[in-house]
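In the order they appear, the protein sequences are chains A and B. Take the working numbering: the last position of the first sequence gets the number 414, and nothing is skipped along the way. Take the working numbering: the last position of the second sequence gets the number 1414, and nothing is skipped along the way. Cβ coordinates follow ideal geometry from the N, Cα and C atoms, glycine included. Owing to the predicted nature of the structure, the values given are computational and were not obtained by experimental measurement.
There are 2 protein chains.
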Amino acid sequence: MNELMEKAKMLKSVAPRLAALTAEQKNQALIFMAEQLIASADFILEENEKDIAAGQASGLSRALLDRLQLTRQRIEEMAEGIRQVAELTDPVGEVINSWERPNGLKIEQVRVPLGVIGMIYEARPNVTVDAAALCLKTGNAVLLRGSSSAIHSNKALVHVIQQALEKSDCPADAVQLLEDTSRQTANQMFRLNGYLDVLIPRGGAQLIQSVIEQASVPVIETGVGNCHMYIDETADPQMAIALVLNGKTQRPSVCNAVETVLVHESWAKAHLQDLVTALKEKQVEIRADDKARALVPGLVPATEQDWHEEYLDLILAMKVVADVEQAIEHINRYGTKHSEAIISATEENVAKFFQQVDAAALYHNASTRFTDGFEFGFGAEIGISTQKLHARGLMGLPALTSSKYVIRGQGQIR
Amino acid sequence: MNELMEKAKMLKSVAPRLAALTAEQKNQALIFMAEQLIASADFILEENEKDIAAGQASGLSRALLDRLQLTRQRIEEMAEGIRQVAELTDPVGEVINSWERPNGLKIEQVRVPLGVIGMIYEARPNVTVDAAALCLKTGNAVLLRGSSSAIHSNKALVHVIQQALEKSDCPADAVQLLEDTSRQTANQMFRLNGYLDVLIPRGGAQLIQSVIEQASVPVIETGVGNCHMYIDETADPQMAIALVLNGKTQRPSVCNAVETVLVHESWAKAHLQDLVTALKEKQVEIRADDKARALVPGLVPATEQDWHEEYLDLILAMKVVADVEQAIEHINRYGTKHSEAIISATEENVAKFFQQVDAAALYHNASTRFTDGFEFGFGAEIGISTQKLHARGLMGLPALTSSKYVIRGQGQIR
């Protein structure tokens, strides 16, 4: 039996024991995990150093090396993250609904863990700890498949997590790392129906696309954000400029950053020059359509590709539109169903935008940057779903659960 | 452009208009649909006759021909089904959650349609009407792909539905039938991400398996039921026998019928003979393990395959187990996560069964036959999900919806 099947079987067999743990038992295991991480910092950093050295030798980009790098502070942040997860309310066991039928059957819908979760992710080793903590909190077993560039770090982290679990009531086998990072084995993992209940890919658009195309296990699609801000005719100019600057520049590398600004033509005639000036002061490169370029000379022309682009950088696409309908049409055509904003003083247009834009989070007069677990008040999040099934938008702990109906009778038949 | 792409684009383009319809507008359209079906009964029966004639010529089984056959009464039943859907509460627009953040952002989670639903199903033409009504009620556009053996009936029904929609505020394009029933086009449909938001297969295990394996569009897995009853040591003998008889014989052809009975060895020693006698009186063929055969001579031996089988017939697999743990293990190994029952007077064993059996609906002292939309009080159902994502067990109208977050601010930035 290969490593994948061996670990998948192990996870499937511990899943019922995990589902039966109390919130206290799971929280205790999380506290042990946090402590063990801190206590094992030297070991973790040594192993991480091997990945960094290999990454430097193979010419990884500085950005990737930075994501890969662990420090004593980052380990402390991971431990703190785990402690925060321990403090969240345990969703498992919640009675979602209950009712009695005329024939005396008592029906309850109870929240239960999903079972075994497969996580596929890229370089960052903190996802290893994050995913393990969130899955454990919700009573799920987890199969982690990180990238080969982080293999030493991930092995060290999972070893430390398992040590912590051994001290707890939680089975140490509940968290497994797939050490074979070949593409072939990943493809086998994507089709492990009967062992994995769900796959959650976290990473770039290409990773997510390949999981969606190849998986037969149900997938939760996360994270790609080609987000828009639409500045309506009646938008307050100062507010609009502040929101676009925040959406684009406060942290350009994240999925809820703004990638395209759509501007009503009347507003553009009066204020586009001011918006462009403000963006240029922040070193934002603008790629604009012909109408915008006619109003503000000297802008780089946008191509069709720019409307599709998730730049994750200080680049912004810009288009002048005739009305809110045209803005909605553009967003529904090019958006990735993540976060979309309208800046307007016209309630009718806001209502139309909220009704017709097909996305997980819709904002009126606020930055798209608020699509975030902590900003929503959910605490830790598993990711941001851009699909419509199961979980949409921010995924808090309940997104890692399912439900079952339990029905009590006294011999009822049909 | 082929038929599939043409219809998929049409559906995607009408979806936002459907999402904006009021409950009254949708209910009015449903009433028109019911009326038009009755008014067009002659036309529908004529077209259905073509399918029946073709089916007879190609040697379809009597059971399949019966499923295919429409009658004036069946058309009236379909119309009545639509009227019942009209009377259900519209889930769209429901505010699932709402809260305010310390920074003044007001967040609402609102229920919305899924968008465009793809239904793939087998011979029965009533699924065409059923699916159209449920999708319309929830503001979804729907692409119907029935089997080639029902093509004339399905074309006639969709034509009639579209005639009805033309009289209503609902776009007539909202319901489309894929007339090209080739396997190649079905495979293309399964991978139509960006146009279809979900695929729901309804039919036999083979159809569902092939959709799961081939689809990249998210799938809701439905309906295959290898359901068990476990008779515990303390089960009331009369109740246990009545429940097994009901689960197996009241309607053997449906997914919530019992396929295997697991019997605690002490109970078996005292009562297995009575259970077998009762089953034989109802013409049930029993396939039993060695322990059961030792207690009741003359039973057919069960093979490994019998534990996997969804007979949908008057055949029952039977196994004697040592305790509730062994019963749970058997169910989690061979079950299809549909409906499972324990008959017992020992609350501790019931609790263990409810906790550890991984299935959508768990029964104590009641028949598995209650897993049904009307029996649960949901009214019409879309199917019974045997997966854990999105919807589990009985799918009422909310299973055909998603949600979006709408956030109102006054210029908040991060």
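Taking 8 Å as the threshold (C-beta atoms), are Thr1181/B and Ser1148/B in contact? Position 148 of the second sequence, counted from the first residue, corresponds to residue 1148/B. Position 181 of the second sequence, counted from the first residue, corresponds to residue 1181/B. In contact: Ser1148/B and Thr1181/B (Cβ atoms closer than 8 Å).
Closer than 8 Å to chain B by CB, Pro398/A: Reading the first sequence from its first residue, position 398 is the one you call residue 398/A. For Pro398/A, the answer is no, since every Cβ of chain B falls outside 8 Å of its Cβ.
Outcome for Glu1381/B when other beta-carbon atoms lying within 10 angstroms are tallied against a minimum of 16: Position 381 of the second sequence, counted from the start, is the residue given in the question as residue 1381/B. Per the 10 Å Cβ criterion, buried.
List, in chain order, every chain B residue whose beta-carbon is nearer than 7 Å to that of Phe376/A. Taking the first sequence and counting its residues from 1, one reaches residue 376/A at position 376. Near Phe376/A (Cβ distances below 7 Å), the residues of chain B are Ile1107.
With respect to the alpha helix (DSSP H) encompassing Ile328/A, which residues constitute its N-terminal and C-terminal limits? Residue numbering aside, residue 328/A sits at position 328 when the first sequence is read from its first letter. First-last of the alpha helix (DSSP H) with Ile328/A: Val324 to Tyr334.
For the stretch 1187 to 1204 of chain B and the stretch 175 to 191 of chain A, state whether three or more C-beta atom pairs, one from each stretch, are separated by less than 8 Å. no
What residue does the alpha helix (DSSP H) around Leu959/B start on, and which one ends it? Residue 959/B lies beyond the residue range present for chain B, which begins at 1001 and ends at 1414; the question has no answer from this structure.
Establish whether the CB of Gly1115/B and some CB of chain A are separated by less than 8 Å. Along the second sequence, read from residue 1 onward, the residue named residue 1115/B stands at position 115. Closer than 8 Å to some Cβ of chain A, the Cβ of Gly1115/B qualifies, so yes.
If you run the structure through DSSP and keep just helix, strand and coil, what is Ala1131/B? To locate residue 1131/B, count along the second sequence from 1; it is residue 131. The answer is helix: DSSP assigns Ala1131/B an H, G or I state.
Pull up the distance between the alpha-carbon of Glu310/A and that of Ser253/A, whole angstroms please. In the first sequence, the residue the question calls residue 310/A occupies position 310. In the first sequence, the residue the question calls residue 253/A occupies position 253. Those two C-alpha atoms are separated by around 9 Å.
Should the stretch 272 to 286 of chain A be called in touch with the stretch 313 to 328 of chain A, which here means at least 3 C-beta pairs below 8 Å? yes
According to DSSP, is His1152/B helix, strand or coil? Working through the second sequence from its first residue, we reach residue 1152/B at position 152. If DSSP states are grouped into helix, strand and coil, His1152/B belongs with the helices.
Are Pro1406/B and Leu362/A closer than 8 Å when you measure CB to CB? As a working mapping, residue 1406/B is identified with position 406 in the second sequence. As a working mapping, residue 362/A is identified with position 362 in the first sequence. The displayed chain sequence assigns Val, not Pro, to residue 1406/B. It is a contact, given that the beta carbons lie within the stated cut-off.
Kindly say whether Ala19/A, judged by its beta-carbon, lies nearer than 8 Å to any beta-carbon of chain B. Residue numbering aside, residue 19/A sits at position 19 when the first sequence is read from its first letter. It does; some Cβ of chain B falls within 8 Å.
For Ala34/A, decide whether its Cβ has a neighbour in chain B, counting only Cβ atoms nearer than 8 Å. Along the first sequence, one-based indexing puts residue 34/A at 34. With 8 Å as the cut-off, Ala34/A does not count as an interface residue toward chain B.
CB contact flag (Ala1327/B, Ala1366/B, <8 Å): One-based indexing of the second sequence puts residue 1327/B at position 327. One-based indexing of the second sequence puts residue 1366/B at position 366. In this structure, Ala1366/B does not lie closer than 8 Å to Ala1327/B by Cβ.
Assuming Val1300/B and Arg1287/B form a contact by the criterion Cβ under 8 Å, report the distance between their Cβ atoms to the nearest whole angstrom. Mapped onto the second sequence, residue 1300/B falls at position 300. Mapped onto the second sequence, residue 1287/B falls at position 287. Yes, they are in contact, since the Cβ atoms of Val1300/B and Arg1287/B sit about 5 Å apart, within 8 Å.
Give me, in chain order, the residues of the same chain whose beta-carbon lies closer than 7 Å to that of Leu272/A; leave out the 5 immediate sequence neighbours on both sides. As a first step, residue 272/A must be located in the first sequence, where it is residue number 272. Within the same chain, Leu272/A has close Cβ partners Val263, Ala292, Leu295 and Val296.
Please determine, among Asp290/A, Glu77/A, Ser98/A and Ala53/A, the residue with the shortest C-alpha to C-alpha distance to Glu35/A. Position 35 of the first sequence, counted from the first residue, corresponds to residue 35/A. Checked all of Asp290/A, Glu77/A, Ser98/A and Ala53/A; the closest Cα to Glu35/A is Glu77/A.
With 8 Å set as the bound, which would you pick, yes or no: does the beta-carbon of Arg369/A sit closer than that to a beta-carbon of chain B? As a first step, residue 369/A is located in the first sequence; it is residue number 369 there, counting from the start. Closer than 8 Å to some Cβ of chain B, the Cβ of Arg369/A qualifies, so yes.
Run through chain A and tell me which residues come within less than 9 Å of Phe1190/B, C-beta to C-beta. Within the second sequence, residue 1190/B is the residue found at index 190, counting from 1. Under the 9 Å cutoff, chain A gives no residues; its nearest Cβ is about 11 Å from Phe1190/B.
Closest Cβ-Cβ distance between Asp197/A and chain B: below 8 Å? Residue 197/A sits at position 197 when you count from the first residue of the first sequence. Chain B contact via Cβ: present.
Entirely enclosed alpha helix (DSSP H) segments - the stretch 1194 to 1253 of chain B, minimum 4 residues: 1205 to 1214 and 1237 to 1249
Coarse secondary structure for Arg408/A, derived from DSSP in three states: Position 408 of the first sequence, counted from the start, is the residue given in the question as residue 408/A. Three-state DSSP puts Arg408/A in a strand.
Counting only Cβ-Cβ distances shorter than 7 Å, please list the residues of the stretch 336 to 356 of chain A near chain B, keeping chain order. Phe354, Gln355 and Gln356
Cα separation between Lys106/A and Ala1345/B? Stepping through the first sequence from its first residue, residue 106/A is reached at position 106. Stepping through the second sequence from its first residue, residue 1345/B is reached at position 345. Cα-Cα distance, rounded: 16 Å.
Looking at the strands, I want to know which residues DSSP matches up with Pro301/A. Sequence index remark: in the first sequence, residue 301/A carries index 301 (1-based). Beta-bridge pairing links Pro301/A to Ala288/A.
Comparing alpha-carbon positions, which option in Gln1184/B, Thr1128/B and Arg1183/B lies nearest Val1158/B? By one-based count along the second sequence, residue 1158/B stands at place 158. Of the candidates Gln1184/B, Thr1128/B and Arg1183/B, the one whose C-alpha sits nearest the C-alpha of Val1158/B is Thr1128/B.
For the alpha helix (DSSP H) holding Val92/A, just list the boundary residues, first then last. To locate residue 92/A, count along the first sequence from 1; it is residue 92. Careful: Val92/A lies outside any alpha helix (DSSP H) and carries neither H nor E.
Please identify the residue among Asp372/A, His390/A and Arg408/A whose C-alpha is closest to the C-alpha of Phe1354/B. Position 354 of the second sequence, counting from 1, holds the residue named residue 1354/B. It is Arg408/A.
Contacts of Gln273/A in chain B (Cβ-Cβ under 9 Å): Position 273 of the first sequence, counting from 1, holds the residue named residue 273/A. Simply none; closest approach about 21 Å.
Rounded C-alpha distance that separates Gly1377/B from Arg101/A: Locating residue 1377/B in the second sequence gives position 377, where the first residue counts as 1. Locating residue 101/A in the first sequence gives position 101, where the first residue counts as 1. Answer to the nearest angstrom: the Cα atoms are 7 Å apart.
With DSSP as the reference, identify every bridge partner of Gly383/A, one or two as the case may be. Numbered from 1 along the first sequence, position 383 holds the residue referred to as residue 383/A. Note: Gly383/A sits in a beta bridge opposite Met395/A.
Please identify the residue among Gln1162/B, Gly1118/B, Glu1348/B and Asp1274/B whose C-alpha is closest to the C-alpha of Lys1009/B. The residue labelled residue 1009/B in the question sits at position 9 within the second sequence. Nearest option by C-alpha distance: Gly1118/B.
For the beta strand (DSSP E) that Met119/A lies in, which residues bound it at each end? For the purposes of this step, residue 119/A is taken as the residue at position 119 of the first sequence. Residues Val116 to Tyr121.
With a CB to CB cut of under 8 Å and the five nearest residues on each side skipped, what residues in its chain are close to Ala205/A? What you label residue 205/A is simply residue 205 of the first sequence in a count that begins at 1. Correct list, in chain order: Val224 and Glu310.
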